Amino acid sequence: MKKLLISTATITLLAAAPALAATPDFNTVDKDGNGSVSFEELIVVMPDTSKEQFAAVDLDQSGELSKEEYETATKS
Ligand SMILES: [Ca+2]
Ligand SMILES: [Ca+2]
């Protein structure tokens, strides 16, 4: 039974890996290098993101995502 649990955990880790690898690094998304990610910069790498989703992760409602906000939104 213990062996079965370990196998299941391994499969879960492997399944999660591609999703993590697909999330671009903050510095890659911040094309103009101003230290924050605008909606326009974000949709280049995540075209399915809506304005509503962007606003939901823009915690201080500055209109752009700081590194902290971006990493909070993209970590799984
Ligand atoms: Ca930027
Ligand atoms: Ca912000």
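If you want the working numbering, it's the 1-based position in the sequence shown plus 952.
Where is the CB? At the ideal position from N, CA and C, for every residue including glycine.
Small disclaimer: the values here were computed from a predicted structure and weren't measured.
Check for me: the alpha helix (DSSP H) holding residue i runs from which residue to which?
| i | result |
| --- | --- |
| residue 994 | 991-997 |
| residue 979 | 978-981 |
Tell me which same chain residues have a C-beta within less than 6 angstroms of the C-beta of residue i, skipping the five on either side of it?
| i | result |
| --- | --- |
| residue 1001 | 994 and 995 |
Determine the direct distance from the alpha carbon of residue j to that of residue i, and round the result to whole angstroms.
| i | j | result |
| --- | --- | --- |
| residue 1022 | residue 989 | 8 angstroms |
| residue 999 | residue 992 | 10 angstroms |
| residue 979 | residue 1005 | 20 angstroms |
| residue 1025 | residue 981 | 13 angstroms |
| residue 1012 | residue 1020 | 11 angstroms |
| residue 1017 | residue 986 | 11 angstroms |
Please list the terminal residues of the continuous beta strand (DSSP E) segment that includes residue i.
| i | result |
| --- | --- |
| residue 1017 | 1016-1018 |
I'd like the list of long-range same chain contacts for residue i, defined as Cβ closer than 8 angstroms, with 5 residues on each side in sequence excluded.
| i | result |
| --- | --- |
| residue 1003 | 991 |
**Asked** Which residues count as close to ligand 1 when the rule is a CB under 6 angstroms from any of its heavy atoms, in chain order?
**Response** 982, 984, 986, 988, 989, 990 and 993
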